[in-house]
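Mapping the sequence shown onto the UniProt record's numbering, position 199 (from 1) lands on 199, and the numbers just tick up by one. Structure first, then comments.
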Amino acid sequence: MTDVGIKEKRLGHDSYTVGWVCVLLCELNASRAMLDEEHEQLDPVENDNNSYILGQIQKHNVVIAFPGSASGGAAQTVTNLIRTYRNIRFGLMVGVGGGAPNPLYAEDPDRDIRLGDVVISDPKGKHGGVLLYDAGNWDSVTDGFEIESHLNKPPNILLKAVQLLRSNHDFGGVGMRQSIQSVAEKSTKFRALKSYRFPGRNQDRLFKPDHRHVGKAGGDCSACDVNLIEKRLERDSDDPIVHYGLIASGNAVMRFTQLRDKLRNAWNVSCFERAAAGIMDDFPCLVIRGISDYADDHQNEIWQPYAAVAAAAYAKDLLRVIQPREVETLRPANEVVGSSEGRVGHIPISQVTRARERDKYAFRLELENLVVKLLSLPHRHGWWYNEEFRNLVERFSKKWDLDIGWQEASKRHNVDRLVDSDDSLTLLKSSCVSLWNHQSQDDMLRLEWMETLVSMLEFVRSIGE
1 MTDVGIKEKR LGHDSYTVGW VCVLLCELNA SRAMLDEEHE QLDPVENDNN
51 SYILGQIQKH NVVIAFPGSA SGGAAQTVTN LIRTYRNIRF GLMVGVGGGA
101 PNPLYAEDPD RDIRLGDVVI SDPKGKHGGV LLYDAGNWDS VTDGFEIESH
151 LNKPPNILLK AVQLLRSNHD FGGVGMRQSI QSVAEKSTKF RALKSYRFPG
201 RNQDRLFKPD HRHVGKAGGD CSACDVNLIE KRLERDSDDP IVHYGLIASG
251 NAVMRFTQLR DKLRNAWNVS CFERAAAGIM DDFPCLVIRG ISDYADDHQN
301 EIWQPYAAVA AAAYAKDLLR VIQPREVETL RPANEVVGSS EGRVGHIPIS
351 QVTRARERDK YAFRLELENL VVKLLSLPHR HGWWYNEEFR NLVERFSKKW
401 DLDIGWQEAS KRHNVDRLVD SDDSLTLLKS SCVSLWNHQS QDDMLRLEWM
451 ETLVSMLEFV RSIGE
């Protein structure tokens, strides 16, 4: 890792072949700390709002891309990245996520997901390693979660490298440990990096699923009931363990333990995050997530910096087993996007994902701001009685002409009928199915809104179960 002030080289845009995408500042800092050498910045390109850090890792010339504004999503970041750096062959999505702990592994510390561990997107069945969970539906008969996934799996060069690195770790490979130690040593020089050191296992507390956070959202758990902490066997080392499984990606931060556990049980989900689904079909990449929380409402930022370091250390270790000459034989990522490799039926995936990022952004922000308020209400019907929530859904229902009887059913005396009957869900689900036969952008966006409402209705009903 070189000092920030030392720039050893200045290369051209076409010299870079590996794209590395971050969203949070702690992810950017952790990733930057992995550079073996940092290169000079290049002149900005018109209409590209990304920020870039350039450098070399394990003989690969790497572009670390970061959204240039608070409203910049991962999909737009990737679009700018592969347009500006046209020789990028593949990408690494490096950052933090929420773990899905499994009580079956409480007595097996090596399989039990702990804070600071790393999860790698691993293709399973028809899913390419990333599951778009908020576009699915619960089957009321089987109580199963039905998802038709169209997200691509990582390119073969990355899948092969993951398997080779997995074997290296089985035989005692220490590359990750050395990279993590390097950051810890740097923290003695740079005060801002002190929070990137291992927080201590005493800060890793998994509460029982039905124990809600006490105190300010995002605050520490000093007021939470320590008697409701899950009992798990201690590990004999603080080194992060790498897990391989499905990563569930959605539009909002996962804080609902009921939904977290249902998805874990239904699909063996290992991790939850927000950005990957928006780029998987626009960017041949691997998703690498350091676990910074347990996808519940006890989340805070204590573990984020270290978890980001653990994820970045894995990414660096991965590049060690990939030969630069093999990378050069691949097609540039911007040639893959829009080809038959990046389409669902006749609809370009990039069109759908960019539209989703743009048109659902306002809704996502408003809904997230309401979540904390709604969760404090005493029972599930409180969601529907909340005026802000009703107005929010009503406004976006009108936007897409969703006739679900919201005006009438949202009245207090009809709330039970809407929540407890299948009428609205049946109508919405059948409309979603029929819309898959259309190919216009408007129809696809209307489908997105319908599926969002289905998920919301299903979740409200599940609270009372």
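Where is the CB? At the ideal position from N, CA and C, for every residue including glycine.
Could you check whether the Cβ of residue i sits closer than 9 Å to any Cβ belonging to chain C?
{"i": "K189", "result": "Absent from the structure: chain C. Only one protein chain is present."}
Give the range of the beta strand (DSSP E) segment to which residue i is assigned.
{"i": "W20", "result": "V18 to V21"}
{"i": "D293", "result": "C285 to D293"}
{"i": "C271", "result": "V269 to E273"}
{"i": "M176", "result": "Not the beta strand (DSSP E): M176 falls in the alpha helix (DSSP H), residues G175 to K186."}
{"i": "H243", "result": "V242 to S249"}
{"i": "V94", "result": "F90 to G99"}
Suppose the cutoff is 8 Å on Cβ atoms and the five residues either side in sequence are ignored; what does the same chain contact list for residue i look like?
{"i": "N50", "result": "A65, F66, P67, G68, G72, T77, N80, L81 and T84"}
{"i": "N268", "result": "K124, G245 and L246"}
{"i": "W20", "result": "S31, V62, V63, I64, A65, G91, L92, V94 and A315"}
Judging by CA-CA distance, which residue of the options is the nearest neighbour of residue i?
{"i": "N61", "options": "C271, G12, D317 and R260", "result": "G12"}
{"i": "A276", "options": "V94, R205 and N102", "result": "V94"}
{"i": "V63", "options": "A106, S15, L25 and A161", "result": "S15"}
{"i": "C271", "options": "K194, H243 and D281", "result": "H243"}
{"i": "D43", "options": "D36, K262, E37 and L54", "result": "L54"}
{"i": "E335", "options": "P284, L233 and D296", "result": "P284"}
{"i": "L193", "options": "I157, A106, C26 and D297", "result": "C26"}
{"i": "V162", "options": "N251, L92, A252 and L35", "result": "L92"}
{"i": "V321", "options": "R86, D297, R260 and M176", "result": "M176"}
{"i": "R212", "options": "R201, F256 and A252", "result": "F256"}
{"i": "F190", "options": "N29, V23 and C22", "result": "N29"}
{"i": "C22", "options": "R232, Y52 and L35", "result": "Y52"}
{"i": "M160", "options": "L233, D122, D297 and L259", "result": "Looking at the sequence shown, residue 160 is not Met but Lys. That would be D122, whose Cα lies nearest to the Cα of K160."}
{"i": "P209", "options": "L35, L259, Y133 and I113", "result": "L259"}
{"i": "N251", "options": "V226, D238, N227 and G278", "result": "G278"}
{"i": "L35", "options": "K186, N168, L132 and S167", "result": "K186"}
{"i": "S237", "options": "N87, N168, R114 and R86", "result": "R114"}
Going by beta-carbon coordinates alone, are residue i and residue j separated by less than 9 Å?
{"i": "I241", "j": "V287", "result": "no"}
{"i": "K96", "j": "E230", "result": "Contrary to the premise, residue 96 reads as Val rather than Lys in this sequence. Not closer than 9 Å, so no."}
{"i": "A312", "j": "A74", "result": "no"}
{"i": "S292", "j": "A315", "result": "no"}
{"i": "Y294", "j": "F171", "result": "no"}
{"i": "S249", "j": "V130", "result": "yes"}
{"i": "D204", "j": "G116", "result": "yes"}
{"i": "R264", "j": "P109", "result": "no"}
{"i": "P324", "j": "K59", "result": "yes"}
{"i": "N102", "j": "D220", "result": "no"}
{"i": "residue 466", "j": "R197", "result": "No answer is possible for residue 466: the residues shown for the chain start at 1 and end at 465."}
{"i": "residue 476", "j": "A100", "result": "Residue numbering for the chain in the displayed model covers 1 to 465; residue 476 lies beyond these limits and cannot be assessed."}
{"i": "D112", "j": "L24", "result": "no"}
Along the alpha helix (DSSP H) that carries residue i, what are the first and last residues, could you check?
{"i": "A65", "result": "Element bounds for A65: not the alpha helix (DSSP H) but the beta strand (DSSP E), H60 to F66."}
{"i": "L115", "result": "Where L115 is concerned, there is no enclosing alpha helix (DSSP H), given that its DSSP letter is neither H nor E."}
{"i": "A336", "result": "Before going further, note that residue 336 is Val rather than Ala in the sequence given. A333 to V336 is the extent of the alpha helix (DSSP H) around V336."}
{"i": "I82", "result": "A74 to T84"}
{"i": "Q56", "result": "Element bounds for Q56: not the alpha helix (DSSP H) but the beta strand (DSSP E), S51 to I57."}
{"i": "V162", "result": "N156 to D170"}
{"i": "residue 471", "result": "Residue 471 is absent from the model: the chain starts at 1 and stops at 465."}
{"i": "V309", "result": "Q304 to R320"}
{"i": "C26", "result": "L25 to R32"}
{"i": "V327", "result": "P324 to E328"}
Here's a check: name, in chain order, each residue in its chain whose Cβ is nearer than 6 Å to the Cβ of residue i, leaving out the five neighbours to either side.
{"i": "R89", "result": "T17, V327 and L330"}
{"i": "Q407", "result": "Per-residue confidence for Q407 stands at a pLDDT of 44, beneath the threshold of 50, marking its modelled position as unreliable; no derived number is given."}
{"i": "D420", "result": "For D420, the pLDDT reaches just 47, beneath the cut-off of 50, and the residue's location in the model is therefore unreliable, although a value from the coordinates is still provided. Contacts found: none."}
{"i": "P305", "result": "C26, S195 and Y196"}
{"i": "V118", "result": "P240, V242, G290, A310, A311 and Y314"}
{"i": "D48", "result": "N80 and T84"}
Identify, in the order they occur along the chain, each residue of the same chain with its Cβ nearer than 7 Å to the Cβ of residue i, setting aside the five sequence neighbours on each side.
{"i": "H413", "result": "Any answer about H413 is weak, because its pLDDT of 40 lies below 50 and its placement is not dependable; what the coordinates show is given next. No residues qualify anywhere along the chain."}
{"i": "I180", "result": "V309, A310 and A313"}
{"i": "V45", "result": "T84"}
{"i": "L158", "result": "F90 and L286"}
{"i": "T188", "result": "none"}
If I'm right that residue i touches residue j with Cβ under 8 Å, what's the distance once you round it to whole angstroms?
{"i": "L319", "j": "I57", "result": "5 Å"}
{"i": "L165", "j": "D317", "result": "6 Å"}
{"i": "W303", "j": "P154", "result": "Not quite, the Cβ-Cβ distance comes to about 26 Å (not below 8 Å), so this is no contact."}
{"i": "E40", "j": "R10", "result": "4 Å"}
{"i": "M280", "j": "G98", "result": "Not a contact, Cβ separation roughly 18 Å."}
{"i": "G128", "j": "N156", "result": "Incorrect: roughly 12 Å between the Cβ atoms, too far for contact."}
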